[in-house]
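Asker: Residue numbers (my numbering): 56 to 315.
Glycine included, C-beta positions come from ideal geometry on N, C-alpha and C.
Before I ask anything, here is the structure I am working with.
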């Protein structure tokens with residue numbers, strides 16, 4: 056009764072009833088379409104469809120932005136990560152060690168020169184090359200189907216003022232490096248692969264880091280930040296989880312041990 060009293064004309068009988076809000080909208084849409092050649096074939100309620108289509112599109116976009124990785128999708132990604140690790144391990148061994156050669160304790164401790172002329176162990180040389188190859192593989196495979204839902208080597212930094220974690224734009228990082236402002240990156244982290252909500256690297260679901268032990272039969276382990284670092288004494292795993300608050304603790308990916 057209160058509702059009818061408030062919208063008396065809408066609750067009146069059919070005779071002489073003022074058009075309701077929806078009917079007015081339909082009539083307006085109809086008259087608008089009659090003046091629009093692109094909509095000329097639509098009349099009555101059908102003329103509302105362009106407006107509904109736009110609303111549905113916006114709703115679909117909003118739903119996509121909130122889309123999370125389902126368990127089956129995560130399992131697929133982890134299979135891709137392991138296959139990329141295995142392929143990188145095989146390809147780099149073939150390229151740098153020669154056909155059929157594998158890593159042994161002796162090979163891993165050999166001294167070689169890196170691209171900049173520094174003397175490093177063979178283990179370091181192989182690890183860097185395999186790491187780069189694995190990340191390229193992930194970008195190529197997942198980028199074809201899941202662009203915007205994952206990031207390769209994203210950089211995050213805890214804001215000293217707000218205490219919140221920031222995602223740093225790659226262009227911003229590149230500019231800082233170009234300008235020699237390395238101090239701006241102090242305390243930042245760079246996990247290898249992050250699964251997140253579409254277009255939102257801060258809504259993190261999964262975090263992965265590749266490890267290529269030398270010899271490959273060694274189990275992978277998380278690195279510990281060195282003395283003098285902002286996170287000295289802590290493992291990468293603990294710091295990643297602290298800053299990113301992922302749905303699940305960060306995991307390692309290696310050729311022989313898979314995801315763990």
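I need the straight-line Cα distance from residue 260 to residue 195, nearest angstrom please.
Answerer: For the purposes of this step, residue 260 is taken as the residue at position 205 of the chain shown. For the purposes of this step, residue 195 is taken as the residue at position 140 of the chain shown. Rounded to whole angstroms, residue 260 to residue 195 spans 21 angstroms at the Cα level.
Asker: Once DSSP output is grouped into helix, strand and coil, what is the label at residue 222?
Answerer: As a first step, residue 222 must be located in the chain shown, where it is residue number 167. Strand at residue 222.
Asker: In whole angstroms, give me the CA-to-CA distance for residue 277 and residue 178.
Answerer: Position 222 of the chain shown, counting from 1, holds the residue named residue 277. Position 123 of the chain shown, counting from 1, holds the residue named residue 178. For residue 277 and residue 178, the distance between alpha carbons rounds to 16 angstroms.
Asker: May I ask you to report which of helix, strand or coil DSSP gives residue 125?
Answerer: For the purposes of this step, residue 125 is taken as the residue at position 70 of the chain shown. In the structure shown, residue 125 sits in coil (DSSP, three-state: anything other than H, G, I, E or B).
Asker: When DSSP labels each residue in this structure, what does residue 186 get in the three-state scheme?
Answerer: Mapped onto the chain shown, residue 186 falls at position 131. Three-state DSSP puts residue 186 in a helix.
Asker: Can residue 229 and residue 186 be called in contact, C-beta distance under 9 angstroms?
Answerer: Looking up residue 229 in the chain shown gives position 174. Looking up residue 186 in the chain shown gives position 131. Not a contact, by the Cβ cut-off of 9 angstroms.
Asker: Which one of 193, 190, 166 has the shortest CA to CA distance from residue 180?
Answerer: Taking the chain shown and counting its residues from 1, the one referred to as residue 180 is at position 125. Selected option, being the one with the closest Cα: 166.
Asker: Roughly how many angstroms lie between the CA atoms of residue 174 and residue 182, to the nearest whole one?
Answerer: Working through the chain shown from its first residue, we reach residue 174 at position 119. Working through the chain shown from its first residue, we reach residue 182 at position 127. Roughly 15 angstroms separates the two Cα atoms.
Asker: Exposed or buried, residue 217, counting other C-beta atoms within 10 Å across all chains shown (16 or more means buried)?
Answerer: What you label residue 217 is simply residue 162 of the chain shown in a count that begins at 1. The residue in question, residue 217, is exposed, as its Cβ has fewer than 16 Cβ neighbours within 10 Å.
Asker: Using the Cα positions of residue 118 and residue 309, report the straight-line distance between them to the nearest angstrom.
Answerer: Locating residue 118 in the chain shown gives position 63, where the first residue counts as 1. Locating residue 309 in the chain shown gives position 254, where the first residue counts as 1. Because residue 118 carries a pLDDT of 48, less than 50, the predicted location of this residue cannot be relied on, and the following value inherits that uncertainty. Rounded to whole angstroms, residue 118 to residue 309 spans 34 angstroms at the Cα level.
Asker: For residue 133 versus residue 245, is the C-beta distance shorter than 9 angstroms?
Answerer: The count along the chain shown starts at 1 and reaches residue 133 at position 78. The count along the chain shown starts at 1 and reaches residue 245 at position 190. No, they are not a contact pair.
Asker: Measure the C-alpha to C-alpha separation of residue 152 and residue 169 and round it to an integer number of angstroms.
Answerer: Stepping through the chain shown from its first residue, residue 152 is reached at position 97. Stepping through the chain shown from its first residue, residue 169 is reached at position 114. Distance between the alpha carbons of residue 152 and residue 169: 14 angstroms.
Asker: If you draw a straight line from the alpha carbon of residue 240 to that of residue 204, how long is it in whole angstroms?
Answerer: Residue 240 sits at position 185 when you count from the first residue of the chain shown. Residue 204 sits at position 149 when you count from the first residue of the chain shown. Answer to the nearest angstrom: the Cα atoms are 24 angstroms apart.
Asker: Can you check whether the CB of residue 264 is closer than 9 angstroms to the CB of residue 207?
Answerer: Along the chain shown, one-based indexing puts residue 207 at 152. Along the chain shown, one-based indexing puts residue 264 at 209. No, they are not a contact pair.
Asker: Over what stretch of residues does the beta strand (DSSP E) that includes residue 261 continue unbroken?
Answerer: Working through the chain shown from its first residue, we reach residue 261 at position 206. Here the beta strand (DSSP E) through residue 261 covers 255-265.
Asker: Just the C-alpha distance for residue 285 and residue 273, rounded to the nearest angstrom, thanks.
Answerer: To locate residue 285, count along the chain shown from 1; it is residue 230. To locate residue 273, count along the chain shown from 1; it is residue 218. When rounded, the distance between both Cα atoms is 28 angstroms.
Asker: On the CB-based measure, 16 or more other CB atoms within 10 Å of its CB, does residue 156 come out buried or exposed?
Answerer: For this step, residue 156 is matched to residue 101 along the chain shown. Burial call: exposed.
Asker: Let me know the secondary structure DSSP gives residue 200 once reduced to three states.
Answerer: Residue numbering aside, residue 200 sits at position 145 when the chain shown is read from its first letter. Residue state, collapsed to three classes: helix.
Asker: Assign residue 126 to one of two classes, buried (16 or more other C-beta atoms within 10 Å of its C-beta) or exposed (fewer than that).
Answerer: Locating residue 126 in the chain shown gives position 71, counting from the first residue. Classification for residue 126: exposed.
Asker: Would residue 292 be called buried (16 or more neighbouring beta carbons within 10 Å of its own) or exposed?
Answerer: Locating residue 292 in the chain shown gives position 237, counting from the first residue. It is buried - the Cβ of residue 292 has at least 16 other Cβ atoms within 10 Å.
Asker: With a 10 Å radius around its C-beta and 16 neighbouring C-beta atoms as the bar for buried, classify residue 232 as buried or exposed.
Answerer: Here residue 232 is taken as the residue at index 177 of the chain shown, counted from 1. Residue 232 is exposed by the Cβ-count criterion.
Asker: Since I believe residue 249 is in contact with residue 197 (beta carbons under 8 angstroms), could you give me their beta-carbon distance rounded to a whole number of angstroms?
Answerer: The residue labelled residue 197 in the question sits at position 142 within the chain shown. The residue labelled residue 249 in the question sits at position 194 within the chain shown. That pair is no contact at about 11 angstroms.
Asker: What does DSSP give as the partner residues of residue 315 in its beta bridges?
Answerer: Here residue 315 refers to the residue found at position 260 of the chain shown. None, per the DSSP bridge assignment.
Asker: Tell me which same chain residues have a C-beta within less than 7 angstroms of the C-beta of residue 298, skipping the five on either side of it?
Answerer: Sequence index remark: in the chain shown, residue 298 carries index 243 (1-based). Excluding positions up to five away in sequence, the list reads 211, 213, 220, 244.
Asker: Classify residue 195 as helix, strand or coil using the three-state DSSP reduction.
Answerer: Your numbering for residue 195 matches position 140 in the chain shown. If DSSP states are grouped into helix, strand and coil, residue 195 belongs with the helices.
Asker: Counting along the chain, where does the beta strand (DSSP E) carrying residue 167 start and finish?
Answerer: In the chain shown, counting from the first residue as 1, residue 167 sits at position 112. Residues 166-168.
Asker: How long is the line joining the alpha carbons of residue 124 and residue 200, rounded to whole angstroms?
Answerer: In the chain shown, counting from the first residue as 1, residue 124 sits at position 69. In the chain shown, counting from the first residue as 1, residue 200 sits at position 145. Answer to the nearest angstrom: the Cα atoms are 13 angstroms apart.
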